[in-house]
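Single-structure report; data block below.
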Amino acid sequence: MITPRFSLTQNDETVTITVRAPYCSLKELDVSVEDSEFIFSCRPYYLRLNLPGKIEENDKTNSKFDSDSGEFTFTYEKVVFGEHFEDLQFITKLLGKKIEIESGGRLIEVIGSQTVPETEVDDDMKYGFAMRGGYRFNIISGEFGDVFDIDPHEVKFQDRTSLRHKNEQKNFNSEHYLADLFDNDELSELLTLKVPWEDCSVEFTSKELDFLKDLPNVEYNLSAQQIQFCHNSLLDILYSYCYDCRSTCFDSTCESGWTISKLSASLCCFDSFATPKEAVICAFRRSLIYPLYRNFNFCQKVLSDLKVLISRGDQYIIKCLIDIYNIFLKGDSGRFILNNLFIKDYIVYIMKWDKELWCKTVTALNSVTIQKQELGLNLVQLEKAVEEDDLTSTLANLSLNHCDSDDSVTDTDTSDSCDDD
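As structure tokens, this is what we get:
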């Protein structure tokens, strides 16, 4: 059976459920409502929703079908007048809970209160969303050498940060950094661009609804440490997304998948962060080492973009993650694996996460400021050395010009003296 596209709206009195089923057989239509459960069945479509509140079918119930659009519209009264049904826009969480076995590399997804016990996953082997592990990734990890800098089956969890630092120090190019520091006309134009997400709609498009309806409704039982990893890595991923958006004038390119995955240590190194500032420092470092534009002011602007993006709320974050999902599907480098390891889980989890805990993370992010000295790349010393070299060269040129000027005067004086004689 096919899950049809659907959406819900509400007012104080009613809930309206719109179901798009253009190829259905109307003679087999069956719709039922019981308390908080809504069931729509019309071959080849089937939809069962668990609403956050109770509705009832009575003489005020309204049902209609638009044959042109293939849409059914059902309007029911709320049992409790004025009750607000929270998060109706997050349609995935309304679907019946599912168990998913070996789908997208995941061994077992959570159903109800059942989870994969933490002890079943070796601490050294944790990676992916919230460092949960439990993937069959080891079977195919060798096929994704262009995607990952670190193999989680070869590098222990506690060793990944030090190895990442070592690789970053080795790859830092001071000449490229200085070139972008002093020759930045193109960067200046990029810095003036206004982020489109300040004004754009947060409503899901029809394509986004089609995507969300097909995700499994998974329950997550994360520890406090896993929630910490989850939140901070999300900042890391979204920073990389913001960097790509601004560097491409907010129009993704064929290189966007590489940029996002390479700048995010969560994605390509399976690294984790204890605080939002740690995540941002890492993002700054990688932004000054790997991509086309390696400029500290550009990094600061991207951080500002990130704060604006997050201020738009959970729904807009999900829209951005869906965009990242689609970017990773493109190309032949295998970045689609990141969707199975991270992105799909993030999209579902955000619909259900503890909003108060996330607000604490956002508050911490908004207070983050980054200084060059904190990045461990000796940027201040490097810039100072260049300035001193320039000053030395300038003084040398001034001295040389002064000598040349004296010689000219002497020659002139000598010539004048000869003429006088």
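Number 859 in the numbering used here belongs to position 178 of the sequence shown; there are no gaps in the numbering.
Even for Gly, the Cβ is constructed at its ideal location relative to N, Cα and C.
Assigned exposure category for residue i - 16 Cβ within 10 Å defines buried
i	result
P833	buried
L689	buried
K982	buried
M682	exposed
I780	Summary for I780: the model assigns pLDDT 47, below 50, so the residue's position carries little reliability; its value from the coordinates is reported in the next sentence. Counting Cβ neighbours within 10 Å, I780 comes out exposed, since fewer than 16 surround it.
Y704	exposed
C930	exposed
Q1062	exposed
V714	buried
G809	buried
N978	exposed
E849	buried
Q1054	exposed
P685	buried
T1042	buried
L874	exposed
T1044	exposed
F687	buried
F753	buried
C881	exposed
T940	buried
A860	exposed
S921	buried
V828	buried
V760	exposed
Paired residues, beta bridge with residue i - DSSP
i	result
R701	R686 and E752
F721	V712 and L728
I1008	In the DSSP output, where bridge partners are listed per residue, I1008 has none listed.
K741	Answer is none; K741 lacks a bridge partner.
E1104	Past the edges of the chain, shown from 682 to 1102, lies residue 1104, and the structure says nothing about it.
D747	E752
L776	L730
Beta-carbon gap between residue i and residue j smaller than 7 Å
i	j	result
I1028	D995	no
I925	S937	At residue 925 the sequence reads Asp, which differs from the Ile that was named. In contact: D925 and S937 (Cβ atoms closer than 7 Å).
A811	Q691	no
K1033	K774	yes
N898	K778	yes
L1058	F853	yes
N913	A960	yes
I736	V700	no
L916	P957	yes
A946	C963	yes
D830	C950	yes
E889	I970	no
C980	S968	yes
N1007	L868	no
I1024	I1005	yes
R966	L1056	yes
G751	D693	no
When the options are compared against residue i, the one with the closest alpha-carbon
i	options	result
P877	D986, A964 and G826	D986
I998	G763, E879, S750 and A1066	E879
D716	S928, R975, L732 and S706	L732
S1014	T1042, K1036, K943 and R966	K943
C1040	T886, Q909 and K875	Q909
E758	S748, F746 and T742	T742
E698	K708, D1026, E709 and F746	Per the sequence shown, residue 698 should be read as Ile rather than Glu. Answer by Cα proximity: F746.
L769	L893, T1044, L990 and T934	L893
F755	V712, Y726 and S748	V712
T842	K1036, A955, L1060 and L1046	A955
E1064	G826, Y816 and F863	F863
L707	R813, Y726 and F719	Y726
F838	G826, G814 and D827	G814
R845	S748, V1049, L984 and L948	L948
F1009	L728, S744, T934 and L990	T934
D866	Y974, F719 and A905	Y974
Beta carbon proximity, residue i to chain C, threshold 7 Å
i	result
S706	Looking for chain C here will not work: only one protein chain is present.
What are the complete alpha helix (DSSP H) segments, minimum 4 residues, inside the stretch 912 to 947?
937 to 944, all fully within the stretch 912 to 947.
Go through the stretch 821 to 854 residue by residue and report every complete run of the beta strand (DSSP E) that reaches 3 residues or more, in order.
none
Quick check on the DSSP output: what are the complete alpha helix (DSSP H) runs of length 4 or more inside the stretch 985 to 1068, in order along the chain?
995 to 1010, 1025 to 1033 and 1036 to 1047
Enumerated in chain order, which unbroken segments of the alpha helix (DSSP H) with a length of 4 residues or greater are wholly contained in the stretch 957 to 983?
957 to 968
Complete alpha helix (DSSP H) runs within the stretch 863 to 922 (minimum length 4 residues, chain order):
866 to 872 and 887 to 894
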